[in-house]
Structures are given as C-alpha cells and as structure tokens.
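Trainee: One structure is given below, represented as structure tokens, and several questions about it will come after.
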Amino acid sequence: MPRPNDLLDVLLTGPHRTGRVTHIESIPARAAKPGTWPLWVDPVVRERFMTAGIVSPWAHQAQAASLAWSGRSVVIATGTASGKSLAYQLPALTAARTGRRLGGTTLYISPTKALAADQLRSLDEIGVPGVMATTYDGDTPIELRDVARTHATYLLTNPDMLHHAVLPTHHRWVGFLRSLRFVVVDECHGYRGVFGSHVAQVLRRLRRICAMYGSSPTFVLASATTANPARTAELLIGMLPIEAVTEDCSPSGAKTFLLWEPPLLGDGAPPIQVGPSSTAHVDDRPGAAPVPGARPDGSTVDATRTPGPRPDESTVDATRTPAGPRPDDASADASPAGGTPVAGAGPHVSPADDRPAGATPAYGGGPHVSPADDRPAGASVASGARPYVSPADDRPASAARAFAGPPVGTAGGAPAQVGGVDGGTARRRGVLAETADLLTDLVIADARTVAFVRSRRAAETVAGLARSALSEVDASLPDRVASYRAGYLAYERRSLEAALNDGSLVGLAATTALELGVDVSGLDAVLIAGWPGTRASLWQQAGRAGRAGQESLAVLVASDNPLDSYLVQHPEAIFEQPVEETVLDPDNPYVLAPHLCAAAAERPLTVEDGAIFGPATEDVLETLEHRRLLRRRVKAETTWHWTKRERPTDLADLRGSGGLVSLVEVDTGRVLGTVDGVRAHSTAHEGAVYVHQGETYLIESLDLDEGVAMARPGAPDYTTTAREVSTLRVLEESASEKWGQARLAFGTVEVVSQVVGYLKRALRSGEVLGEVPLDLPERRLRTRSVWWTLPDDAIAAAGVSIADAPGAAHAAEHASIGILPLVASCDRWDIGGLSTLLHPDTGMLTVFVHDGHPGGAGFAERGFHAARSWLTATRDTIAACPCRDGCPSCVQSPKCGNGNEPLDKAGAVRLLDMLLSGTD
C-alpha cells in the first residue's frame, strides 16, 4: 500500500507541478478509547459482533447505544469511520431479537439507496438470527415489498419512500409501526436546507402516525461532526430533548491534507503532462473571448447572471446570477454570478444550464421550484439557471455574443486561448482537468483513490479524461477507473461499489452519492474537486481515505472561483474553524403546507397537531382552507380533511426534482437512467446532447407530463447549452440596517424564469453554430433575499463613476455570491443574485443575493446577520487576487449570461469599501 509521503512524491514530482500546493496540513493520528459491552446487549448479538472482529465497542459507541436503549433519543456526531453504525445496531438488533410482538422493530432512514444497501450488506454479514432485515426503496421488487410489510423487524428505507409509500398506506404497516421501538436517521447532517426541512416534516408525520398506533419510538441520529448537533437533531425530529455524543473515541491514522490551486494559464501555455512517466496530455478547452453586452442601440446591457433563478429585469443596468440546485451537470469550478434582464431592454436571455424547476406547491401560487437529485443536502434551486459543465475541463469559455451563454469545452481540444496575468484576462486551469490529472497519477501508482466532484457530468468527465490519459500509459489501466453518481440503475451502482471494494477498480470519480456513509474501506487517497460547500462535507469526504485506520492523503483542488481561491490562500478558514451548524427551516410555509395536506389524508388534522407541526401550522391551515385543499369540520372537535382525489404526497417534492424523467433509448426501449424533472428542462430537452456513462446521446423528444425523454445514440460535433429568460421583483422587506449612506435589507422576492432555447457550440472551438427555440413551461420562485444599496453620492464618493458603477456592482455581486458559503451552511448552487444601477423597487444601485428555494432556505438570512464578515471576506478576496481586471478566482463567473461584461474589479473594491465604512 503506498504511503502518503510516497504519494506526495507522485503528485509533486516534475517541474509542471511547481507552486500548486498552497498549504500542507499534517493531521496526527488519534489513539483509541475503548469501552465495554453494555450488559443489556443480547449475548447472541454480542457474539456475532465479536466474531466479526469487534472485540469491544469504542467508548462513544457504548455511550450512545446505552442512551438509546434507555429510551432517550440521541445524536452521535463523530468523524468519518468512527463506527457510528454500531451505536444504533446494538440496541436495534437486541430489540429485533424479541420480535414484533414485544415491540422490537427498527426503521432505518438514509438519504440514499446506496447507503441503505450498504447497511443491509453489513447486517447480512453479521447475520444475527431472528432478525428480518430488508430494504424498502425504489429498487425493491414488488414481491419483496409485501414480505417487508408483513415480516420485517429491521426496515431500511429513505425519506422519499417514507413520504410516498409508507405513511400514505400506514394501515398496511400497522404491525410494524405498532411495534416500532427505534427510528435511526443516518447521515443526518445531510438533511439541510429545503431538503432537510421537508424531511423534518416527514418525520413529524411519522411520529403522529406512530402515536395513533400506540408507539413512541426512540430516535437515534448519526451525524458527521457538526456545530450544535443536539439543536439540529431537535429541529429535524421536532421533539425535546435529544442527547448528544460528540467525543470521537475511535482510532484514526495520520492524514496529510494538501490545499492545491491549479496554475494560471497564459497565452501559449504548453499542454500539461498527465502522470509522472506518461506522455498523455489533458488540454484545456478553447473558448471565444467575451463580448461586451450591447443592446441594438449600442448602449451597454449590464445583465449578468449566476447559477440559480435570476432576479429582476428591472433596469438596463441589472446584472444577475442565478441560483439553483447544482446541476448534476454543473461545473465544479463554476462560481455563481450572473445577470438578469432589465426593464425597457426586453427580456434578458442567458444559459439555463441545469437549473431545476418544479411543480406548483400547495402553499402560494405559481410553479414551485426546488432542489433536485439524489443529494442529501438541499442544494438547489428551482428557477435559477444551473451552471453548465464543460465536458473536458468543466470550464466553459465566455460568451461569443451578447446574451449568449458560455461556450462548452470538450475533451481533446486545443489549449484555451487566455491572456496572461499582465493582460488581466488570465484564468486558472479547470478543476476537472486538474483532478483528472492527479487521479491518473495516483492510479498509475496503484493508489486506491476516490475523486469527489460536484455533479453527474463532472464525474463522467473526470473518469473519461483519466481513462484517456491512462490508455497511453498501459492498455489495461483504463478499465480500472470508473464514475459513480446518482442516476445509474441499481445494478450499475452495486457492481461499481463491489469493484471498488475488491480492488478491481483503483480510481473512481464520484458525486456525493458515494459520500454518505457507504463503507468503502482501504482507500489510500481522496481528491476533492472544488470546495464541497461546508466543512462538514469536506471532512466527510476526506475521511473516506484511511477508513481502516491507515495513513492517508487528502487533496482539496481549488475551483476557479472566489470562495475556493480564498480558502486555499487562507488555510486557517478550513483547519482552525469549527464545522458549521446545519441550516433548516421546517416552518417554511412552502414546505409545511404540502405536508399538512399529506397528514390530513393520512388522518384528519386536529388543533392538537399544531404541537407536532410547529407554530406556523394555524396560518398555513387557513391558507389551505382558502385554497380549498383542506376542509374544516366542526363537530365534537375541529378537524381538517383532504378534499381532492389526487395524492397529496405529490405536492411535496422532497428533493426538489420535480419528479423523475426516464431516459429511454429509441431503438431498444432500454431505460438508460433518470434525470430529475427540473433538470430535464435544461439537459434533456428536445435536441440536447446528453452524456451517460461516457456514451453520447441526442434527445429526440421530452414529455414532461409522462416523464419520458427519448434518446438516440449519436456523435455530434457540437454541444448544447440551454438559454433562459428571468425577471425579479421585491415583494416585502422584513428587516434592514443603515450602514452610513448604505442600507442593508432582507426580505421576500419573486423570480420568474423560463428555458426558451438552446445554443449549439462547436465541440472544439466553442464557436456558436446556431440557436434553436424551445417551448417549455415557465417556472416561478418566491424566495428570500439579502440586498444592499448605495445612493449616487456615495458611489461618487467611492471614486466610481456612474458609467463604471454597473460593472463595479456586477463584480461585487459575482464575488459575494461565491463567498456567501463561507458564512452560511450552503453551497454556491443554493443561491443566486442580481445587481443593478437603478432598481425600480429601491431607486438606487442594488446588489441582491437570494436563496434558490421556494420560501427561502435560511441562507440569505444567514448572510444578512453575518453581512459584515461575509462582505469583508468578499472585498479581501477581490483585492488580494493578483489579476489586473478580474478573473474567475475573484469576480468572473463562467456562468455569466452576458459574457462577464461589464466587470470592474477595482470599482468593486471601492464600492465594498464604501459599503463597509458604514459599519465602523
């Protein structure tokens, strides 16, 4: 097994790697603190674990298990590979040995099917007699579902199945629910944002139904290390108190952690060698130079945008950055920034990317847009454009004409044409190309490695680039690299997991579908392509290496965006700061309303149910009555009843996916995979080029009602990028602060967006070949935003002319969106933004940063309360960047719908200085 020092030599050998490591952190080994077997553990259960090699539990395992056995709900929040599973398996298996009649069932809930399958394998290997363990998810055959309902004592499922299949048919689960003793919520730190808020309401519904059948289960939650895990668990479950076990008593091998920043590329930069002894190359993709956004009359349109729903079309000087679930096809190094149209200039069109949009929610009007995909955390938005991931290096080039989206690069192209640092247009090598380079070197060194990337397409890209490079070294090596992501069929996922465990795979490019708890042991190294959004996720991914206690290597490869650039230059922000507190808001009316409808269908609601569902229940019930979704009846007691024939569970899309769309091969009828309904608007529309497991398909048709996209194999010489129009307006201001002449505010906004067409771009040159219109439905997002304003005299006092102000505000918007995840527990795809010289609702220069979820997700509010530290870090990141006029590491966005024009880096620093001077 290669040692970390040997792997360091592998990665750092050769002049082409000089200067890329910005920091090396040595994390010492940790000694174990063993505990003893609790006396209440069933002797057979204890014997099975000892046979499996567990001589005794660690102290934290025994403590958490004993709390649960005593009936006290508990959250165990310790590091990756600390054995959290044993903490809940001991009480659960001991109880299961008594059978259903004595109240011995356990419901295990995980955010992904892969994790549940891994847990089932673990239980099967332990093989405790008398325990009937089975999964109940979308992969479970129909005949086994009846067996699960009738006989299971240990049921493994996910929030989606609990919401759609178990609770609505609770009368078929009476035996299981009446005997329910433990509910295990695994990887609970992943339940954040809107997704976490939905899951919180599902768990409240579960508690309500259990009470109806006379059971009051103990909850056992397992979490990565987070701030205030007890408070997070209490928010998630909706009950007090919950005990927290946080001291990690498991042994841990030493870890070497590198912060890695890809090199700046300049004119004529040579191709970058892959592998210390390889002649293969990964070339960065070409791209056209940005074109200033000009309206037909020749005046400047300052509309720009960033991933996520786009705000306003208010003025000609509005620039905007969309928010939205990070596309599965989103670029890991695409920092949010973007533009929006403006009143009087006609609708602003920009790339839609992979942004989800969704069905109309039960509460409020208009189409509901929210997060998608199999990712645990609520990471996405509904109506914002999602960044498009360039197949080769994840780094799309700038727009070729006003309002055209960024060209898409592809593997095998020539080096990107970029200016040097002195020219002010330098950019860094793409994070995916750099990660593929490192993965290639580690596979050649026979180091078992997982490269975590931020999207589905990025996983395919990194694996494809690595295989291509390895084929030039040894013809047998490409078969030892694969990609792993959500959207694969069940048998594909299972075979990949088995191959990684048995060593036939050495390198794997994976999305967070593999991050959450799947027991992949014996890894030598982990590559993390771009900041994963939170410190908790960073340590969760880094902890995959060395899971058997051996020394290991972790590398964070910075994306070309402001937050990543800041973090690799400020290692103290990673290694000297506590992990974040998980953010969720179960009282969000857009979340609560559909669950009240579902709860009413399960059993009529009563006034007493307000204690379960929270303080917002009364107001939301009134709204649902008004909309005639619920009917109130007053007899002996007041009750509310579901009035429709439709399934109320369809109103709540837990992951914001808008349902799933199946990708079907035209000639064979074979199901290739799935894509969430929201993302289908921008990635599976008619005419789209779609990549699945390295194979390219052309989408012939998309039927959103039926949830089917028909695809045909093809090899087009172009890629496709969706384009969309958006508008934004301020609906309500909830809070504000005066900062001298500036003003900071927080409130509610509405964003409307629609995918209106797509661009075809030449595979190698990025040249726009044509534009094709689309007729897809509009999506509407009512959400929460933080914004700041400056009057004209303050702009002048900052030394920024009115002519330069739109570019300065635009640059500040891009950077502030990129830095917000530093203070809010979100990732960049959860938020969007807009900047404008004169917004009609404020009457002055305004920069908005908003949540990408219906009703908000708490991220913009966190930014409002931490505005000084957030905007100070934004200002410092821009000022410290060595470029002259702005680059992706400070103020440029690869997703800017207006080609990153106008941008004024120096002006952005002056505006932020003026803004922050009011806080002194």
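Our numbering numbers the first residue of the sequence shown as 773 and each following residue consecutively.
The beta carbon of each residue, even a glycine, is placed where N, CA and C say it ideally should be.
Small disclaimer: the values here were computed from a predicted structure and weren't measured.
#1: With a 10 Å radius around its C-beta and 16 neighbouring C-beta atoms as the bar for buried, classify ILE914 as buried or exposed.
#2: Please report the straight-line C-alpha distance between ARG977 and LEU1364, rounded to a whole angstrom.
#3: As a quick exercise: from ILE1574, ALA1517, GLY1590, pick the residue whose alpha carbon is nearest that of ARG1556.
#4: For TRP1303, which option in SER838, GLU1397, ASP1213, LEU1592 has the closest C-alpha, if you only look at C-alpha atoms?
#5: Helix, strand or coil for ALA1297? Go by DSSP, reduced to three states.
#6: Taking just the CA atoms, how far does LEU895 sit from ASP1676?
#7: For LEU1688, collect the residues of the same chain with a Cβ closer than 8 Å to its Cβ; drop the 5 residues on either side in sequence, then sort them by chain order.
#8: Measuring straight from C-alpha to C-alpha, what distance separates HIS1453 and GLU1437?
#9: Can you tell me where the alpha helix (DSSP H) with VAL938 in it begins and where it stops?
#10: Secondary structure at HIS1342, three-state DSSP: helix, strand or coil?
#11: State the start and end residues of the unbroken beta strand (DSSP E) segment that holds VAL1619.
#12: On a Cα-Cα basis, can you pick out the residue from LEU1435, VAL957, ALA804 that is closest to GLU1478?
#13: For MET1533, I'd like the list of residues in its chain whose CB is within less than 7 Å of its CB, leaving aside the five on either flank, ordered along the chain.
#14: Expressed to the nearest angstrom, what Euclidean distance is found between the alpha-carbon atoms of GLY1604 and VAL1245?
#15: Please return the same chain residues whose Cβ sits closer than 8 Å to the Cβ of ALA1345, not counting the five positions on each side in sequence.
#16: Using DSSP with H/G/I as helix, E/B as strand and the rest coil, what is GLY1679?
#17: Rounded to whole angstroms, what's the CA-CA distance from ALA1217 to LEU1210? Just pull it up for me.
#18: Report all residues from its chain with a CB closer than 6 Å to the CB of GLY1628; omit the five preceding and five following residues, and keep chain order.
#19: Specify, as a first and last residue, the run of the alpha helix (DSSP H) that PRO1366 falls within.
#20: Can you list, in chain order, the residues of its chain whose CB lies under 7 Å from that of MET984, leaving out five sequence neighbours each side?
#21: Rounded to whole angstroms, what is the Cα-Cα separation between THR1468 and TYR1462?
#22: Do you know how far the Cα of GLY1236 is from the Cα of SER1537?
#23: Is the separation between the beta-carbon of TRP830 and that of SER1022 shorter than 8 Å?
#24: So PHE1636 and ALA1507 are supposed to be a Cβ contact under 8 Å. How far apart are they, rounded?
#25: Exposed or buried, which one is TYR926 when buried takes at least 16 other CB atoms within 10 Å?
#26: Provide the residue span of the alpha helix (DSSP H) that contains TRP1560, from first to last.
#27: Among TRP1559, ASP1251, PRO1674, which one has its Cα closest to the Cα of GLU1509?
#28: For ILE796, collect the residues of the same chain with a Cβ closer than 7 Å to its Cβ; drop the 5 residues on either side in sequence, then sort them by chain order.
#29: Can you list, in chain order, the stretches of the alpha helix (DSSP H) that have 4 or more residues and sit fully within the region 922 to 1001?
#30: Take LEU1402 and list the residues in its own chain whose beta-carbon comes closer than 6 Å to its own, dropping the five residues that flank it on each side.
#31: Below 8 Å on the Cβ atoms is my guess for ALA1314 versus ILE1300; work out the distance and round it to an integer in Å.
#32: From GLN835 to PRO1001, what distance separates their C-alpha atoms?
#33: For a quick check, are the C-beta atoms of VAL1234 and LEU1242 less than 8 Å apart?
#34: Taking its Cβ as the centre, do 16 or more other Cβ atoms sit within 10 Å of PRO1660, making it buried, or is it exposed?
#35: Who pairs with ILE799 in a beta bridge, going by DSSP?
#36: In terms of alpha-carbon separation, which member of GLU1505, THR1455, PRO1612, ARG1495 lies closest to GLN766?
Mentor: In this structure, then:
#1: Locating residue 914 in the sequence shown gives position 142, where the first residue counts as 1. Exposed, because fewer than 16 other Cβ atoms sit within 10 Å of the Cβ of ILE914.
#2: Against the sequence shown, residue 977 aligns to sequence position 205. Against the sequence shown, residue 1364 aligns to sequence position 592. One C-alpha to the other measures close to 11 Å.
#3: Counting from one through the sequence shown, the residue named residue 1556 turns up at place 784. Minimum Cα distance to ARG1556 is reached at ALA1517.
#4: Position 531 of the sequence shown, counted from the first residue, corresponds to residue 1303. Here the closest residue by C-alpha is LEU1592.
#5: Counting from one through the sequence shown, the residue named residue 1297 turns up at place 525. Reduced to three states, the DSSP call for ALA1297 is strand.
#6: As a position in the sequence shown, residue 1676 is number 904, starting the count at 1. As a position in the sequence shown, residue 895 is number 123, starting the count at 1. Each residue's alpha carbon lies about 59 Å from the other.
#7: By one-based count along the sequence shown, residue 1688 stands at place 916. Closer than 8 Å at the Cβ level, and outside the excluded window around LEU1688, lie TRP1511, ARG1640, LEU1643, THR1644, ARG1647.
#8: Position 681 of the sequence shown, counted from the first residue, corresponds to residue 1453. Position 665 of the sequence shown, counted from the first residue, corresponds to residue 1437. Cα to Cα, the separation comes out at about 18 Å.
#9: As a working note, residue 938 is residue 166 in the sequence shown. Note, VAL938: premise wrong, no alpha helix (DSSP H); not H, not E.
#10: On the sequence shown, position 570 is the one that residue 1342 refers to. HIS1342 falls in the coil class under three-state DSSP.
#11: Against the sequence shown, residue 1619 aligns to sequence position 847. Where VAL1619 is concerned, the enclosing beta strand (DSSP E) stretches over 1617 to 1623.
#12: Taking the first residue of the sequence shown as 1, we reach residue 1478 at position 706. Here the closest residue by C-alpha is LEU1435.
#13: Taking the first residue of the sequence shown as 1, we reach residue 1533 at position 761. Checking the displayed sequence, the identity of residue 1533 turns out to be Arg instead of Met. Excluding positions up to five away in sequence, the list reads PRO1179, VAL1180, TYR1490, THR1491, THR1493, GLU1539, VAL1540, LEU1541.
#14: Position 832 of the sequence shown, counted from the start, is the residue given in the question as residue 1604. Position 473 of the sequence shown, counted from the start, is the residue given in the question as residue 1245. Approximately 43 Å between the Cα atoms of the pair.
#15: Position 573 of the sequence shown, counting from 1, holds the residue named residue 1345. Closer than 8 Å at Cβ, skipping near neighbours: TYR1338, LEU1339, LEU1594.
#16: In the sequence shown, residue 1679 corresponds to position 907, counting from 1. Note: GLY1679 maps to helix in three-state DSSP.
#17: One-based indexing of the sequence shown puts residue 1217 at position 445. One-based indexing of the sequence shown puts residue 1210 at position 438. C-alpha separation (whole angstroms): 11 Å.
#18: Reading the sequence shown from its first residue, position 856 is the one you call residue 1628. THR1555, ARG1556.
#19: On the sequence shown, residue 1366 is found 594 positions in, with the first residue counted as 1. Residues 1361 to 1374.
#20: Position 212 of the sequence shown, counted from the start, is the residue given in the question as residue 984. ARG1375.
#21: Working through the sequence shown from its first residue, we reach residue 1468 at position 696. Working through the sequence shown from its first residue, we reach residue 1462 at position 690. Near 6 Å, if we compare the C-alpha coordinates of TYR1462 and THR1468.
#22: Position 765 of the sequence shown, counted from the first residue, corresponds to residue 1537. Position 464 of the sequence shown, counted from the first residue, corresponds to residue 1236. Each residue's Cα considered, the two are about 20 Å apart.
#23: Along the sequence shown, one-based indexing puts residue 830 at 58. Along the sequence shown, one-based indexing puts residue 1022 at 250. Taking 8 Å as the Cβ cut-off, TRP830 and SER1022 qualify as a contacting pair.
#24: Counting from one through the sequence shown, the residue named residue 1636 turns up at place 864. Counting from one through the sequence shown, the residue named residue 1507 turns up at place 735. Going by Cβ atoms, the distance from PHE1636 to ALA1507 rounds to 7 Å, so yes, they are a contact pair.
#25: Taking the first residue of the sequence shown as 1, we reach residue 926 at position 154. With 16 or more other Cβ atoms within 10 Å, it is buried.
#26: Along the sequence shown, one-based indexing puts residue 1560 at 788. That residue, TRP1560, is in no alpha helix (DSSP H); its beta strand (DSSP E) goes 1551 to 1562.
#27: Here the question's residue 1509 lines up with position 737 in the sequence shown. Nearest option by C-alpha distance: TRP1559.
#28: As a working note, residue 796 is residue 24 in the sequence shown. Same-chain partners within the cutoff: THR1028, LEU1030.
#29: 946 to 950, 965 to 984
#30: Here residue 1402 is taken as the residue at index 630 of the sequence shown, counted from 1. Closer than 6 Å at the Cβ level, and outside the excluded window around LEU1402, lie ALA1372, LEU1396, TRP1412.
#31: As a working note, residue 1314 is residue 542 in the sequence shown. As a working note, residue 1300 is residue 528 in the sequence shown. Confirmed, Cβ separation roughly 7 Å.
#32: Counting from 1 along the sequence shown, the entry for residue 835 is found at position 63. Counting from 1 along the sequence shown, the entry for residue 1001 is found at position 229. Spanning the two alpha carbons is a distance of roughly 16 Å.
#33: Within the sequence shown, residue 1234 is the residue found at index 462, counting from 1. Within the sequence shown, residue 1242 is the residue found at index 470, counting from 1. In this structure, LEU1242 does not lie closer than 8 Å to VAL1234 by Cβ.
#34: In the sequence shown, counting from the first residue as 1, residue 1660 sits at position 888. By the neighbour-count rule (16 or more Cβ atoms within 10 Å), PRO1660 is buried.
#35: As a working note, residue 799 is residue 27 in the sequence shown. Paired residues: LYS1027.
#36: Examination of residue 766 is not possible in this model, given that the chain is present from 773 through 1692 alone.
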